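Just remember that our numbering sits 225 ahead of the position in the sequence shown, which is counted from 1.
One structure is given here, and the rest of the page talks about it.
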Amino acid sequence: MEQIKVVVHGAAGRVGQEVVKAVCQEPETQLVGAVDVKVAAEKLALPDGSGTVPFSADLAAVLDSCKPDVVVDFSIAKASMPAVRTCAGHGVNMVIGTTGFTADDIAEMERLVSDNKIGIVLAPNFALGAVLMMHLARIAGKYLDHAEIIELHHDRKIDAPSGTSQMTARSMAEARGRPFLPPAVAGEDSPSRGKSVEGINIHSVRLPGYMAHQEVILGTDGQTLRIRHDQISREAFMPGVLLAVKEVVKRPVFIYGLDKLLGL
C-alpha cells in the first residue's frame with residue numbers, strides 16, 4: 226500500500242512536533258516536508274534518525290518540491306487561512322487543528338473545498354476522549370434544562386472561549402431543539418457569567434499547570450450531571466490526527482468535527 230505523503234505546517238510548535246513524530250511512526254504515512262515561520266535549518270531531522278526532510282517558511286515552495294497528499298496544520302488562525310488558500314491552489318488536502326477561526330473563515334474553507342475538489346477536516350479537538358465528552362453532553366442536553374461549561378487551558382492559549390467549548394454548546398443546543406433555560410441571576414449588577422453560546426454560559430480559565438480540560442455541568446431540580454475530560458499531554462491528539470489524514474484523502478468534502486469520522 227502506498228504511503229500518504231504529509232507536510233506539517235507549524236512543525237516547530239509543541240503540537241506540530243508531536244504530529245511530526247506521529248506521522249513518522251505510522252506505517253501508512255510518510256513525512257515529506259515541514260513548514261514553520263521559525264526555521265532553524267533547511268532540513269528537519271526525522272525523530273527516528275532515518276534522515277531529513279525539507280524545512281522552510283515558504284509553504285508554496287514546499288508543496289511544489291514535496292508534492293504531498295495532505296498538509297496537517299497546527300499553527301494559528303492568521304497563518305492558517307493563508308495556508309488553506311495556498312493548499313487549495315495546489316490541490317492539496319488539509320487536516321486542521323488550529324482554532325480561532327471566524328464564521329467567514331469557515332465559509333471560505335467550504336468554498337475552496339468545492340472549487341478545488343479537495344478535502345478538509347477541521348476539528349476544534351482531535352482528542353478522542355474530548356469528542357466522546359461532547360457526544361455525551363449532546364445526549365444529556367436533551368433531558369436537562371440548564372447547562373454551563375468550564376474550560377481550562379494553559380496560559381499560552383490565545384483564544385477564549387475555546388473552540389471545543391463553543392462547538393460543545395452549539396451541538397448541545399442543536400440536539401435539544403429548544404433553548405436552555407437561563408440562570409436565575411437577580412439584579413442588574415450581577416458579575417460576569419462568562420460568554421453565552423446558545424444559552425449556555427462558558428467560563429474560560431487560563432493558568433500555568435493546565436493542558437486542556439473541559440467540564441460540562443447540567444442541572445435540573447434536585448440533581449446535577451457532570452461530564453469532564455482531562456487531557457494531560459499533546460499525544461492525545463495523535464490518534465485523531467492520523468485518522469483524519471487517512472480519511473481526508475478519500476473524501477473531497479469539508480468536514481467539521483472529528484465525530485463525523487467516528488460515526489457518532
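Note that CB positions come from ideal geometry on N, CA and C, so glycine has one too.
Here the structure is a predicted model, which is why all the values come from computation and not from measurement.
query	result
For GLY241, three-class secondary structure by DSSP	helix
Span of the beta strand (DSSP E) around LYS420	420–422
Boundaries (first-last residue) of the alpha helix (DSSP H) holding GLY465	463–473
Classification of GLU267 by the beta-carbon crowding that lies within 10 angstroms, buried from 16 upward	exposed
Which listed residue (HIS438, PRO408, TYR435) has its alpha carbon closest to that of ASN426	PRO408
Buried versus exposed, by CB contacts within 10 Å (16 or more), GLY241	buried
Pair within 8 Å by beta-carbon distance, ILE442 and ALA394	no
VAL264 to ASP283 span [Cα, whole Å]	10 Å
Integer-rounded CB distance, given that ALA398 should sit under 8 Å from GLU423	4 Å
Close Cβ partners of LEU388 (< 6 Å) along its chain, the five nearest in sequence each way excluded	According to the sequence shown, residue 388 is Gly rather than Leu. Excluding sequence neighbours, GLY388 sits near THR324, PRO349.
Cβ-based burial, GLN391 [other Cβ within 10 Å; buried from 16]	buried
Nearest residue (CA-CA) to TYR435, options ARG381, GLU460, GLY354, VAL295	ARG381
PRO279, DSSP secondary structure in three states	strand
Boundaries (first-last residue) of the alpha helix (DSSP H) holding SER290	284–291
CB of HIS234 within 8 Å of CB of VAL257, strictly	no
DSSP-derived helix/strand/coil call for SER429	strand
Anticipated Cβ contact below 8 Å, SER305 with ASP298, distance rounded	5 Å
Unbroken beta strand (DSSP E) run spanning LYS254, endpoints	Lys is not the amino acid found at residue 254; the sequence shown has Thr there. Note, THR254: beta strand (DSSP E), 254–260.
ASN318 versus ILE374: straight-line alpha-carbon distance, rounded	33 Å
Buried versus exposed, by CB contacts within 10 Å (16 or more), THR449	exposed
Own chain partners of ALA400 with C-beta closer than 8 Å, once the 5 adjacent residues on each side are dropped	ARG363, ILE364, GLY366, LYS367
Alpha carbon of LEU467 to alpha carbon of ALA236, nearest angstrom	15 Å
Buried versus exposed, by CB contacts within 10 Å (16 or more), ARG239	exposed
Simplified DSSP assignment, three categories, for MET226	coil
Residues sharing a beta bridge with ARG453, DSSP	GLU440
Close beta carbons around VAL356, own chain, < 6 Å, minus the five adjacent residues each side	LEU483, ASP484
Exposure label - THR311; buried when at least 16 CB within 10 Å	buried
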